[in-house]
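Below is one structure, written out as structure tokens; comments come after it.
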Amino acid sequence: MILKVFNRFYVWFLPVFFTAYAVSYGSTSDLREESINSIKAIVGDEIITQGDVVKRAAVALREAQERYQEKEFFEKADEILKETLDELINRKVLIKEAQKLFGTDEMQMKEVEKDLDSFMKGAVKNVGSLSKYYEIAEAQGINPLEKKNELKEDIMIDKIMKENVYNKVKVQPKLLRRYYVENVDEFRQKKEVSLRQIMIKFSAHDNDREKTLSLAQQIRKRLEKGEDFATLAKQYSEGPNAENGGLLSFEEVNEMRKDLRDAVYQLKDNERSGIIASPVGYHIFKMELIKPEKVQEFEEVQEDIYKKIYREEISRLKNQYLNSLKSGMFVKVFR
Numbered sequence: 001m002i003l004k005v006f007n008r009f010y011v012w013f014l015p016v017f018f019t020a021y022a023v024s025y026g027s028t029s030d031l032r033e034e035s036i037n038s039i040k041a042i043v044g045d046e047i048i049t050q051g052d053v054v055k056r057a058a059v060a061l062r063e064a065q066e067r068y069q070e071k072e073f074f075e076k077a078d079e080i081l082k083e084t085l086d087e088l089i090n091r092k093v094l095i096k097e098a099q100k101l102f103g104t105d106e107m108q109m110k111e112v113e114k115d116l117d118s119f120m121k122g123a124v125k126n127v128g129s130l131s132k133y134y135e136i137a138e139a140q141g142i143n144p145l146e147k148k149n150e151l152k153e154d155i156m157i158d159k160i161m162k163e164n165v166y167n168k169v170k171v172q173p174k175l176l177r178r179y180y181v182e183n184v185d186e187f188r189q190k191k192e193v194s195l196r197q198i199m200i201k202f203s204a205h206d207n208d209r210e211k212t213l214s215l216a217q218q219i220r221k222r223l224e225k226g227e228d229f230a231t232l233a234k235q236y237s238e239g240p241n242a243e244n245g246g247l248l249s250f251e252e253v254n255e256m257r258k259d260l261r262d263a264v265y266q267l268k269d270n271e272r273s274g275i276i277a278s279p280v281g282y283h284i285f286k287m288e289l290i291k292p293e294k295v296q297e298f299e300e301v302q303e304d305i306y307k308k309i310y311r312e313e314i315s316r317l318k319n320q321y322l323n324s325l326k327s328g329m330f331v332k333v334f335r
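Take the sequence shown: its position 132, counting from 1, is numbered 132 in the UniProt record's numbering, and each next residue is one higher.
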């Protein structure tokens, strides 16, 4: 997918990106071919160039370019490129470790080849034939042999990650309960109120209070006969969100005048108020939802807590493993 998108805009995007990037950061060097080929990191006896980083980050850069304005884009692009460089360095480190381990283990390599063969057969089966697979790959600018080698590396990385990271993750039940107790505010659900309003303003009726009240009374009678509150709000309300049936959020309710807010909070679920006067006009409210503030029970959230702790432990062990590998390997980064 990365190569497919990359090939569509590589020719025009790289020169534009590097030139603009240079202007943004005040660089005076030639940032075309020189920058693309500049060395960003060395891992063992292999180098990672700026072109490698941009190629790997192609999809994310494209999405950022479409989503952000120029200034924000450059800031985001800088972040993406730094993260991608770290990702490539880690990948190189893991590949070298996997090659070292599997290169001396014939059984392990046979398993890798078996998994790779199974994957390739599945890919070919999905498109119909081997020739069709190659045709699609070439149309997307993908070198099938390079892709196959990359998949082989992915399988090898996955195997050593399972053994040294994933299989070592243990989340004890007591940790879940401890996390819940220490972070209980994360599981506090705020009070929710959903309210509808019909407001008839004095100013919209020549400041004639009797005329305004008369209209409010007519609306109230229609509500008492069973007409839909939201429909009448769309037709007659001169207050906020009339086009949405007068629906107010919890935040909007809290911003109301205190006297109106006090009256509203006396309503029960699905209860309608009478006509309430304020300095700006007459109001009729209907409470549609009240959810009091509450703390979710441990049993409701323990699965989410488990997933969170599991992800954090994976990240911790992965960083620990990578750092141990890097300590025995030559790794130099050029920022």
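Backbone N, C-alpha and C fix where the C-beta goes; we use that ideal spot for every residue, glycine too.
- Shortest Cα-Cα distance from arginine 196 to any of Tyr265, Arg178, Asn167 involves Tyr265.
- Looking only at Glu46, Ile47, Glu312, Lys76, the smallest Cα-Cα distance to alanine 58 is reached by Lys76.
- Note on geometry: alpha-carbon atoms of leucine 260 and lysine 221 lie some 21 Å from one another.
- In its own chain, leaving out the 5 sequence neighbours on each side, no residue places its CB closer than 8 Å to the CB of asparagine 207.
- The alpha-carbon separation between serine 129 and arginine 311 amounts to approximately 39 Å.
- Non-local beta-carbon contacts of leucine 247 in its own chain, meaning distances under 6 Å to residues more than five positions away in sequence, involve Arg196, Asn241 in chain order.
- Between lysine 318 and the set Leu145, Val169, Val112, the nearest pair of CA atoms involves Val169.
- In terms of Cβ geometry, isoleucine 48 and lysine 92 form a close pair [threshold 8 Å].
- Secondary structure note for methionine 109: its alpha helix (DSSP H) is the uninterrupted segment 106 to 127.
- Secondary structure within the stretch 114 to 200: the alpha helix (DSSP H) runs of 4 or more consecutive residues, fully enclosed, are 130 to 139, 144 to 164, 173 to 182 (chain order).
- A residue is called buried when at least 16 other Cβ atoms come within 10 angstroms of its Cβ; alanine 233 meets this threshold and is buried.
- With a cut-off of 8 Å on Cβ pairs, the stretch 171 to 190 is not in contact with the stretch 115 to 130, counting fewer than three such pairs.
- Boundaries of the beta strand (DSSP E) around valine 43: 39 to 43.
- Nearest to valine 165 by alpha-carbon distance, out of Gln235, Gly245, Leu325, Gln140, is Leu325.
- The C-beta distance from alanine 60 to isoleucine 80 rounds to 5 Å, short enough to meet the 8 Å contact threshold.
- Contiguous beta strand (DSSP E) elements confined to the UniProt domain "PpiC" (190 to 289) occur at 192 to 201, 276 to 278, taking only those with 3 or more residues.
- Excluding five sequence positions before and after histidine 205, the CB atoms of its chain that fall closer than 8 Å to its own CB belong to Lys211, Thr212, Leu215, given in chain order.
- Leaving aside the five residues that flank glycine 51 on each side, the residues in its chain whose CB is nearer than 7 Å to its CB run, in chain order, Ile36, Asn37.
- Put simply, the backbone Cα of lysine 307 is about 13 Å away from that of arginine 177.
- Per DSSP, the beta bridge partners of threonine 49 are Ile39.
- Along the stretch 293 to 330, the alpha helix (DSSP H) occurs as fully enclosed runs of 4 or more residues at 298 to 326, listed in sequence order.
- Scanning Gly245, Arg316, Glu313 for the CA closest to the CA of methionine 287 turns up Gly245.
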